[in-house]
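Here is the structure we will look at, set down as structure tokens.
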Amino acid sequence: MFDRHPIVSTGDPEEARSRVSQTYREHGLQVSDSARQFRLTHNGTLAGGIGLYFMSYGARVRISPGALEDFALVQIPLHGAALDRIDGTAIDTHQRMGSIAGPDNSLEMEWASDTAKLVLYIPRHTLEGAAFALSGHRPHEAMQLRPAMDFTQPAQRSWFGLVRSMVQGIQLNSTLTANSLVSSRMADTIVLGLVANQWQNPVQQRARGPVAESDAVDLVVAMLEEAPERTWRMVDLAHAARLSARTLSTAFQKKMQTTPMGYLQQVRLRGAYRDLYAATPVTTTIAEVATRWGFAHLSRFSAVYRETFGELPSETLKR
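Printed below as a string of structure tokens:
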């Protein structure tokens, strides 16, 4: 997995410990099997502000990072099994059971020799931003996340489907994940879904009056109009509006008949229209303009463009 994004491959346990520490944090590594069997494979990359990594050691190992402090770690065995201890709670992980250790949780792991994992690295600020987007409040204390992730359950299985889509895009070097606007949107959805599923004690959203919600919508509209090229996340918009993502979306639907991201798409479509109208086919391609405005799929861009303006992008470009 992630063969196009290698980080390190080594049979030296100390080199393995040192290089993996650069991705996550300093930790202890003990090899239980013969050193001849040991072979670390560590591939992956950052995309949309989160890390997606493949890891296998080829031998029985004990890994002791201790308290994670400033990030969360989601671990999903692709084959094999591992015992993850999160604040002393033991979780037997395998293909149908993953784990998540949040910031401030203490983590220790024992991997079987045939274990290979997909690992998601999520910075604390990204996790807390998602919590704010869901509740309208920053967590008053350390976020308590349910450590076990049972992928036989519908919500967790659906969430894992989002992760697989992003993984496949990275493996194929798809424009879907290569475009920062798109990959950030995908990562945002993954983190929001994770927090929605695993947050044990979310803070409830305080009620806001209709006038306050209307003002919040106006604020977000102004932000999107002023900088449509920015990689906007629903987390950013909810934070600025001081509303949960759900409340902001509902208020947007009432006032603008669309969602914040739907409105952003409209703003970007208008920008694409202006660029195509001012350009010529000799110097500009539709793909260039679409990518510039955050549209990764050319066919989808053409469809929504025609639906909005009543003509294809190629017709605008030829004017």
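Residue numbering for the sequence shown is 925 to 1243, as defined by the working numbering. Glycine residues also receive a C-beta, built at the ideal position from the N, C-alpha and C atoms.
Strand pairing of residue i, partner residues [DSSP]
i       : result
Pro930  : Asn967
Pro1001 : Lys1041
Met1021 : His1018 and Asp1074
Ala996  : Ile1046
Thr1013 : Ile1010
Residue from the options with nearest C-alpha to residue i
i       : options                               : result
Ala871  : Gly1234, Ala983 and Met1180           : The displayed coordinates of the chain run from 925 to 1243. Any statement about residue 871 would go beyond what the structure contains.
Ser1104 : Arg1020, Trp1217 and Ala1005          : Trp1217
Val985  : Ser945, Gln1080, Asp1016 and Gln961   : Gln961
Arg1166 : Tyr977, Phe1056 and Arg963            : Phe1056
Phe1176 : Ala1202, Leu1148 and Asp1199          : Leu1148
Pro1184 : Arg1157, Tyr981 and Ala1202           : Arg1157
Thr1240 : Arg1020, Arg941, Ala1202 and Arg1224  : Ala1202
Val1141 : Ala1164, Thr1155 and Glu1153          : Ala1164
Glu1153 : Val1115, Gly1195 and Gly1022          : Gly1195
Ala991  : Gln1019, Ala1025 and Leu1200          : Ala1025
Arg1243 : Thr1215, Glu1231 and Arg1198          : Arg1198
Ala940  : Ser956, Arg963 and His929             : Arg963
Met925  : Gln1092, Arg1009 and Phe995           : Gln1092
Leu1236 : Gln1095, His1221 and Ile1210          : Ile1210
Ala1054 : Val944, Ser1168, Leu1007 and Phe1075  : Ser1168
Ser945  : Asp927, Val1144 and Ile987            : Ile987
Asp1011 : Leu1069, Met1090, Tyr1187 and Arg1081 : Leu1069
Arg1081 : Ser1098, Tyr1045, Leu1118 and Ile1094 : Leu1118
Leu1193 : Phe995, Met1021, Thr1232 and Ser1138  : Thr1232
Asp1038 : Tyr981, Thr1113 and Leu1222           : Tyr981
Asp994  : Leu1007, Arg1009, Phe1075 and Pro1027 : Pro1027
Leu1188 : Glu1137, Asn1029 and Leu1161          : Leu1161
Asp927  : Val955, Trp1035 and Asn1097           : Asn1097
Terminal residues of the beta strand (DSSP E) in which residue i lies
i       : result
Val955  : Gly952 to Val955
Glu1034 : Ser1030 to Trp1035
Tyr977  : Ile974 to Ser980
Gln991  : The sequence shown places Ala at residue 991, not Gln. Start and end: Val985 to Ala991.
Unbroken alpha helix (DSSP H) run spanning residue i, endpoints
i       : result
Asp1008 : Premise fails: Asp1008 lies in the beta strand (DSSP E), Ala1006 to Ile1010, not in any alpha helix (DSSP H).
Ala1211 : Ile1210 to Arg1216
Gly1026 : No alpha helix (DSSP H) contains Gly1026, which DSSP labels as neither H nor E.
Gly1117 : Ser1104 to Gln1122
Leu1241 : Pro1237 to Leu1241
Phe1219 : Element bounds for Phe1219: n/a, residue is neither H nor E.
Ser942  : Pro937 to Thr947
Beta-carbon separation (whole angstroms), residue i vs residue j, contact threshold 8 Å
i       : j       : result
Asn967  : Ile1000 : Actually they are not in contact, since the Cβ atoms of Asn967 and Ile1000 sit about 15 Å apart, beyond 8 Å.
Pro998  : Val1043 : Reading off the sequence shown, one finds Val at residue 998, where the question assumed Pro. The Cβ separation is near 7 Å, so the contact holds.
Thr965  : Leu976  : Contact flag wrong, Cβ pair sits at about 15 Å.
Met1067 : Trp1123 : 6 Å
Ala1120 : Ile974  : About 16 Å; that fails the 8 Å criterion.
Ser1108 : Gly972  : 4 Å
Leu1051 : Val1106 : So it is not a contact: roughly 21 Å between Cβ atoms.
Ser1238 : Lys1179 : Contact doesn't hold; Cβ gap of about 34 Å is too wide.
Cβ of residue i within 9 Å of any chain C Cβ
i       : result
Leu1002 : Looking for chain C here will not work: only one protein chain is present.
#### Entry: Any alpha helix (DSSP H) of 4 or more consecutive residues that is wholly inside the region 1039-1086
1048-1059
### Task
Enumerate, from N- to C-terminal direction, the unbroken alpha helix (DSSP H) stretches of 4 or more residues contained entirely within the region 1151-1215.
1158-1165, 1169-1180 and 1184-1202
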